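Enquirer:
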Amino acid sequence: MKDYLDLDPRVAEEPKELRTEVMTLNVGPQHPSTHGVLRVVVTLSGEEVLDLVPHIGYLHTGFEKNMENRTYTQVITYTPRMDYLHSFAHDLAYALVVEKLVGAAVPPRAETIRIILNELSRLASHLVFLGTGLLDLGALTPFFYAFRERETILDLFEWVTGQRFHHNYIRIGGVKEDLPEEFVPELKKLLQVLPHRIDEYEALFAESPIFYERARGVGVIPPEVAINLGLTGGSLRASGVNYDVRKAYPYAGYDTYRFDVPLGEHGDVFDRMIIRIREMRESVKIIQQALERLEPGPVRDPNPQITPPPRHLLETSMEAVIYHFKHYTEGFHPPKGEVYVPTESARGELGYYIVSDGGSMPYRVKVRAPSFVNLQSLPYACKGEQVPDMVAIIASLDPVMGDVDR
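Residues 258 to 663, numbered by this note's numbering, are exactly what the sequence shown covers, in order.
1) Could you give the DSSP three-state label for residue 335: helix, strand or coil?
2) Ordered along the chain, which non-local residues of its own chain (more than five positions away) have a Cβ less than 7 Å from that of residue 661?
3) How would you call residue 502, buried or exposed, if buried means at least 16 neighbouring beta carbons within 10 angstroms?
4) Identify the residues that DSSP records as bridge partners of residue 253: which are they?
5) Residues in its own chain within less than 7 Å of residue 391 by CB, not counting five upstream and five downstream?
6) Measuring CA to CA, which of 293, 351, 315 is closest to residue 612?
7) Contact check, residue 293 vs residue 530 under 8 Å by CB: the rounded distance?
8) Do you know how far the Cα of residue 560 is from the Cα of residue 427?
9) Quick one: using the 10 Å Cβ neighbour count with 16 as the cut-off for buried, is residue 603 buried or exposed?
10) With residue 326 as the anchor, note down where its alpha helix (DSSP H) starts and where it stops.
11) If we count the other Cβ atoms within 10 Å of its Cβ and call it buried at 16 or more, is residue 648 buried or exposed?
12) Which value, in whole angstroms, describes the spacing of the CA atoms of residue 486 and residue 346?
13) Among 552, 360, 533, 589, whose alpha-carbon lies nearest the alpha-carbon of residue 403?
14) For a quick check, are the C-beta atoms of residue 642 and residue 306 less than 8 Å apart?
15) Measuring alpha carbon to alpha carbon, tell me which of 284, 325, 280 ends up nearest residue 609.
16) Quickly, what does DSSP pair residue 624 with across the bridge? List them, please.
17) Would you check if the distance between the CB atom of residue 405 and the CB atom of residue 554 is smaller than 8 Å?
18) Could you check which residue in 358, 431, 309 has the C-alpha nearest to that of residue 640?
19) In whole angstroms, give me the CA-to-CA distance for residue 375 and residue 278.
20) Counting only the same chain and skipping the five closest in sequence on each side, list residues whose C-beta sits under 8 Å from that of residue 638.
21) If I measure Cβ to Cβ from residue 498 and keep anything under 7 Å in the same chain, skipping five residues before and after, which residues do I get?
22) Between residue 353 and residue 508, is the Cβ-Cβ spacing less than 8 Å?
23) Taking residue 409 and residue 447 to be in contact with their CB atoms under 8 Å, please state how far apart those CB atoms are, rounded to whole angstroms.
24) With burial defined as no fewer than 16 other Cβ atoms inside 10 Å of the residue's Cβ, what is the status of residue 526: buried or exposed?
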């Protein structure tokens, strides 16, 4: 009986030269690994990424132009919707830039409350980053652990603002109202367990050999490249560049708090993950210090041209009625000028630039959103990596698409 190879003459032919075909693949915009409506056009040679082009603009929000058609007070309803994971950062940045424009005086208690809520919001954002980022790598357990603490933080926000998202709590000249009585005791309970929980997160993944192999040396961004691309936040500090707006250009009293700026050495996915863990520990330190200096006092600038008068005065003061009416129908009129204020959000440098023409609405609003700028480092970090590594790199840059499509 003849061998079956002899029956097919094609098998006996000399093998043809192998060749590789380049393939273009769409990832997103509806895909969980892109962390929002981000479309990534990837050029592949097998599993290797040869080129990558991010495509944005799928949200069509138009926040900046909407802000230019609202009074300065009404704009506050738009700011938290850009970065919905660290919404207090946008609220605070906008309030600071308008306060600089009008010369508002924020009471010490209101300033301390802002710091507490902003750092709590940073913690909640980093917990989402940690849980979803590790989920992209196939680790399911840390996702549930991270969201356990995040739910507690959102409960605290709900007590203070009435909302779990889009809080609309910070006001120009202070905050909407004082903290409820149960907030501080519940916050202290959270701060007692949170440091141990953060250690638990780190033990779950940082010491895992599987995570180490998936993250170490992947998506490396050298410090000089990170600076040239405008990278900021934890992604920049993971490359070893010591730049934190809270230290470089202190605002809201951050210069009076003791905290460190964690730095990485390699600028890879591993360092970008670890940096966020270390930043969470620093946020806990800041909140603990803020609670120690939280003294009784007013929470709004008493200037009636900026702050509406208390409701009870409307029954006895005609002047209060006039101020109340003008504030909610027309708004206040800042002097002509232009102002920019940078702040540090969970994703990097967040700045608001406002031009005033003396009217009750901003003439021009421009937001320097960190997710938008950080996203341009994606092609550099992904070239030469594998497709599964691309997913990890996107997660490590921590983009929020509402921050991009403004």
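Yeah, the Cβ is synthetic: ideal placement off N, Cα and C, and Gly gets one too. Every value quoted in this text rests on a predicted model; they were computed, and no experiment measured them.
Expert: Let me lay it out:
1) Looking at residue 335 - three-state DSSP - the assignment turns out to be coil, as it is neither helix nor strand.
2) The answer, listed in chain order, is 313, 626, 628, 629, 632.
3) buried
4) With the chain represented from 258 up to 663, any question about residue 253 goes unanswered, as that position is not in the structure.
5) 399, 400, 462
6) Nearest of 293, 351, 315 to residue 612, Cα basis: 351.
7) Incorrect: roughly 19 Å between the Cβ atoms, too far for contact.
8) 16 Å
9) The residue in question, residue 603, is buried, as its Cβ has 16 or more Cβ neighbours within 10 Å.
10) Neither: residue 326 is in no alpha helix (DSSP H) and is coded neither H nor E.
11) buried
12) 23 Å
13) 533
14) Taking 8 Å as the cut-off, the Cβ atoms of residue 642 and residue 306 count as close.
15) 325
16) Paired residues: 609.
17) Not closer than 8 Å, so no.
18) 309
19) 50 Å
20) 476, 477, 478, 650, 654
21) Sequence-distant Cβ neighbours of residue 498 in its own chain, meaning closer than 7 Å and more than five residues away, are 480, 483, 484.
22) yes
23) About 6 Å separates the CB atoms of residue 409 and residue 447; that is less than 8 Å, so the two are in contact.
24) buried
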